[in-house]
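**Student:** In the numbering used here, the protein residues as written are 70 to 228.
Glycine included, each C-beta is placed from N, C-alpha and C at the ideal position.
Here the structure is a predicted model, which means the values were calculated and not measured.
Pasting a structure here, questions to come.
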């Protein structure tokens, strides 16, 4: 089992009951990996951090792939409500910082009906990577033209 290290030396380590509650929350909210291994809270945070970094640098995949990649943030949302309050307090700053970075690296859909509970699903990376010479549909690179609006000016496509 992956143990979470407290953020500072003066914090009391999690109890066995808290670790069990975290493991149960992750099992309920995230299930298992494709290979059958269980997820850990740390692994979910790492997956979210990796995706945020990828979006910050320029997302090179298509819109449906981004929807798929966002599973880690959706899983964190499902797990979060089940975590013990002290674990939420220990990890809140980390989650808030990653969320803020994702918001900065993306723009919201022009649709005003954004679901505030799953806000990350209605955002577009500011930087999209595309193959040189690839066709465009309403300004979108290949794999993004299915979005129900033209490419916003705030989105840059780099080759």
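Would you check if the distance between the CB atom of residue 197 and the CB atom of residue 217 is smaller than 8 Å?
**Tutor:** Contact: no.
**Student:** Quick check: the stretch 89-98 against the stretch 146-161, are there 3 or more CB pairs under 8 Å?
**Tutor:** Cβ pair count under 8 Å is three or more, so yes.
**Student:** Is it true that the CB of residue 125 sits closer than 8 Å to the CB of residue 174?
**Tutor:** Yes.
**Student:** Just the Cα atoms here: how many angstroms apart are residue 79 and residue 119?
**Tutor:** Residue placement at residue 79 is flagged as unreliable, the pLDDT there being 43, under the threshold of 50; the coordinate-derived value follows with that caveat. If I take the Cα positions, the gap works out to 29 Å.
**Student:** What are the complete beta strand (DSSP E) segments, minimum 3 residues, inside the stretch 166-212?
**Tutor:** 175-177, 192-194 and 196-198, all fully within the stretch 166-212.
**Student:** Could you check whether residue 90 and residue 153 sit closer than 8 Å to each other, using their CB atoms as the reference points?
**Tutor:** Yes.
**Student:** Is residue 84 helix, strand or coil by DSSP?
**Tutor:** Here residue 84 sits in coil by DSSP.
**Student:** What is the residue span of the beta strand (DSSP E) that residue 225 lies within?
**Tutor:** Its beta strand (DSSP E) spans residues 225-227.
**Student:** Apart from the five residues on each side of it in sequence, which residues of its chain come closer than 8 Å, Cβ to Cβ, to residue 225?
**Tutor:** Counting only Cβ-Cβ distances below 8 Å, and skipping sequence neighbours, we find 195, 196 and 197.
**Student:** Could you check whether residue 186 and residue 177 sit closer than 8 Å to each other, using their CB atoms as the reference points?
**Tutor:** Their beta carbons are not under 8 Å apart, which means residue 177 does not touch residue 186 by this criterion.
**Student:** Taking all protein chains shown into account, do 16 or more other C-beta atoms lie within 10 angstroms of the C-beta of residue 193, making it buried, or fewer, making it exposed?
**Tutor:** So residue 193 ends up on the buried side.
**Student:** If distances are taken between C-alpha atoms only, which option among 219, 109 and 123 comes closest to residue 170?
**Tutor:** Answer by Cα proximity: 123.
**Student:** As a quick exercise: from 214, 203, 82 and 121, pick the residue whose alpha carbon is nearest that of residue 227.
**Tutor:** The shortest Cα separation from residue 227 among 214, 203, 82 and 121 belongs to 203.
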